[in-house]
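Numbering (full-length UniProt numbering), first residue to last: 1 to 519.
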Ligand SMILES: NC(=O)c1ccc[n+]([C@@H]2O[C@H](COP(=O)([O-])OP(=O)(O)OC[C@H]3O[C@@H](n4cnc5c(N)ncnc54)[C@H](O)[C@@H]3O)[C@@H](O)[C@H]2O)c1
Ligand SMILES: Nc1ncnc2c1ncn2[C@@H]1O[C@H](COP(=O)(O)OP(=O)(O)OP(=O)(O)O)[C@@H](O)[C@H]1O
């Protein structure tokens, strides 16, 4: 499943995806993105009355070379990229002769022979142009191949769903408007980010993945109970981690029906099988679950079995009612943005040698590690110099992560649905270094200068530390794949409840009436 926004958003999402990811060995993903591409192409044509080439003008952004992007477009559209050739033509095989690279004529033909993809895609394109937000089912019945064999009893087929703005008592068509309109010289803006997103299943969810915090007896007991209930009463296919599979099988052979994975390759294809992810643990388990999905993420239902639980609004005692209502839908969800981070080694000869990107849900931190020297980090935003961080380090946080490490370093708390990147210094040795919040579309580059006294260390959601030596850089931008988490009530209610209950935000005894007053 890939979630795609309509109108300008889908263009941006794909621009970002193409520029940030495609050139880095992600060709295999192209097929996954086809429905989106077709949808985007349709939209883009309508929006700009042009061809896919219109994108080229807009994509010379951040640190990706124009020529590299052009090369990818050529891969799709054929050597010359003739005016009038569109992605749609290329993908549906209308001009198969013009396709080379990843999609050759034969592949294009085989794509045209997949009626489900084409029909759905057309419908989706239409849907996307009519509505604010939509999701795409991109699996084909016959696609699972050998994976399908691993599921003898039940047919694994991904459930489709739609996302729409949840307008309380408001049936107006406001969400269909452009973000900014310029009618008769008057500028008006639609407040889209303030609306609640609702997920409605279009077909019944059939496969659930349960992820659990390790080394916890209460979690292990609850997991076994939940698995039995989901199997006996909901007849769902259930995936668990290999560790959990081992634990449950050592308890009873009843759990033989469970599915798991063997290697990284199978993990990479999980999102094509799983309709829903359930987490049993604290925020760390949600971060862990999100990190398993390097691309699109299925909706996550986080149950609270930790101590703080900012992102875990569901109570485990009521798990049957909660899961019942989630499986029925519709549910409110928070689309939590992630940051896509690339480490660029100075030693690398060109951008193709970049390391695999890492996606973070909370933050990426660049700090001094064990060094006792100040870090010295040069920061750029879309090629403009921002500042030089001299202190313990810098946190680049999502708005979901604003209540985690960034908060501890003095950053603002930001509603998770606000699109933005927090730029929060850690113990800066300066009286005037206030934290910043930058817009979602920027690309940030943090570089260890050659005159730095020590290396820096980068870590992702508090894990996987890597050293950055002089000349190395971290490039960071918003990832195209957000993490959809189910809400107990809605995004705003859940967020406020978390900061009240979890952090005791602004807790103060109310002043008594008894005393001097103006009236
Ligand atoms: N000084 C600090 O506050 C500090 C230092 C290191 C890491 N962290 C945070 O810990 C996160 C990793 O979490 P973990 O559970 O794997 O490690 P962990 O077990 O060390 O837990 C860290 C704490 O941060 C809380 N937390 C995590 N994400 C949160 C969020 N989005 N909002 C509010 N609180 C949140 C957790 O509930 C937990 O109490 C990192 O991403 C980082 O944000 C914070
Ligand atoms: N399925 C998992 N596999 C491996 N490690 C995990 C898994 N789930 C969670 N972890 C790790 O275990 C640690 C603790 O998890 P989690 O934060 O969920 O529990 P907690 O610390 O008890 O809760 P809280 O964060 O609310 O205090 C985290 O560092 C997390 O990365």
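Just so it is clear, CB atoms sit at the ideal spot from N, CA and C, and this is done for glycine as well.
Cβ-Cβ separation, residue j to residue i (assumed contact under 8 angstroms), whole Å
i, j, result
"residue 305", "residue 276", "With 8 angstroms as the limit, residue 305 and residue 276 do not qualify as a contact, their Cβ atoms being about 18 angstroms apart."
"residue 342", "residue 357", "5 angstroms"
"residue 442", "residue 421", "7 angstroms"
"residue 335", "residue 479", "With a Cβ gap of about 12 angstroms, residue 335 and residue 479 do not count as contacting."
"residue 413", "residue 489", "The Cβ separation is near 18 angstroms, so there is no contact."
"residue 375", "residue 395", "Not a contact, Cβ separation roughly 12 angstroms."
"residue 202", "residue 160", "4 angstroms"
"residue 438", "residue 381", "6 angstroms"
"residue 332", "residue 491", "7 angstroms"
"residue 319", "residue 362", "Actually they do not touch by this definition, with Cβ atoms about 25 angstroms apart."
"residue 308", "residue 502", "5 angstroms"
"residue 311", "residue 400", "7 angstroms"
"residue 446", "residue 297", "That belief does not hold up - the Cβ atoms of residue 446 and residue 297 are roughly 26 angstroms apart, past 8 angstroms."
"residue 344", "residue 472", "7 angstroms"
"residue 486", "residue 330", "The pair is not a contact, with the Cβ atoms about 11 angstroms apart (cut-off 8 angstroms)."
"residue 391", "residue 426", "6 angstroms"
"residue 156", "residue 206", "7 angstroms"
"residue 220", "residue 247", "6 angstroms"
"residue 494", "residue 313", "5 angstroms"
"residue 230", "residue 208", "6 angstroms"
Start and end residues, beta strand (DSSP E) containing residue i
i, result
"residue 322", "Segment 319-328 is the alpha helix (DSSP H) holding residue 322; no beta strand (DSSP E) there."
"residue 378", "375-381"
"residue 401", "Careful: residue 401 lies outside any beta strand (DSSP E) and carries neither H nor E."
"residue 512", "Unbroken run through residue 512: none, as it is neither H nor E."
"residue 187", "Segment: none, residue 187 is in no beta strand (DSSP E) and carries neither H nor E."
"residue 303", "300-304"
"residue 370", "Residue 370 -> no beta strand (DSSP E), and no H or E assigned at all."
"residue 212", "207-212"
"residue 308", "No beta strand (DSSP E) contains residue 308, which DSSP labels as neither H nor E."
"residue 418", "Note, residue 418: premise wrong, no beta strand (DSSP E); not H, not E."
"residue 359", "358-360"
"residue 342", "339-344"
Extent of the continuous alpha helix (DSSP H) run through residue i
i, result
"residue 493", "491-497"
"residue 267", "264-268"
"residue 335", "First-last for residue 335: 331-336, but that is the beta strand (DSSP E), not the alpha helix (DSSP H)."
"residue 288", "283-292"
"residue 407", "405-408"
"residue 249", "242-251"
"residue 272", "First-last for residue 272: undefined, no H or E at that position."
"residue 201", "From DSSP, residue 201 is part of no alpha helix (DSSP H) but of the beta strand (DSSP E) over 196-201."
"residue 226", "217-232"
Distance cut-off 7 angstroms: residue i Cβ against heavy atoms of ligand 2
i, result
"residue 284", "yes"
"residue 288", "yes"
"residue 308", "yes"
"residue 311", "no"
"residue 214", "yes"
"residue 247", "no"
"residue 268", "no"
"residue 226", "no"
"residue 211", "yes"
"residue 281", "yes"
Heavy atom of ligand 1 within 7 angstroms of residue i beta-carbon
i, result
"residue 156", "no"
"residue 275", "no"
"residue 304", "no"
"residue 401", "yes"
"residue 239", "no"
"residue 464", "no"
"residue 392", "no"
"residue 404", "yes"
"residue 408", "yes"
"residue 501", "no"
"residue 494", "no"
"residue 461", "yes"
"residue 440", "no"
"residue 506", "no"
"residue 378", "no"
"residue 363", "yes"
To test your reading of the DSSP string, which unbroken beta strand (DSSP E) runs of 3 or more residues are found completely within the segment 423-497? Along the length of the segment 423-497, whole beta strand (DSSP E) runs at least 3 residues long occupy 436-439, 444-447, 456-460, 463-468, 473-478 and 483-486, reported in chain order.
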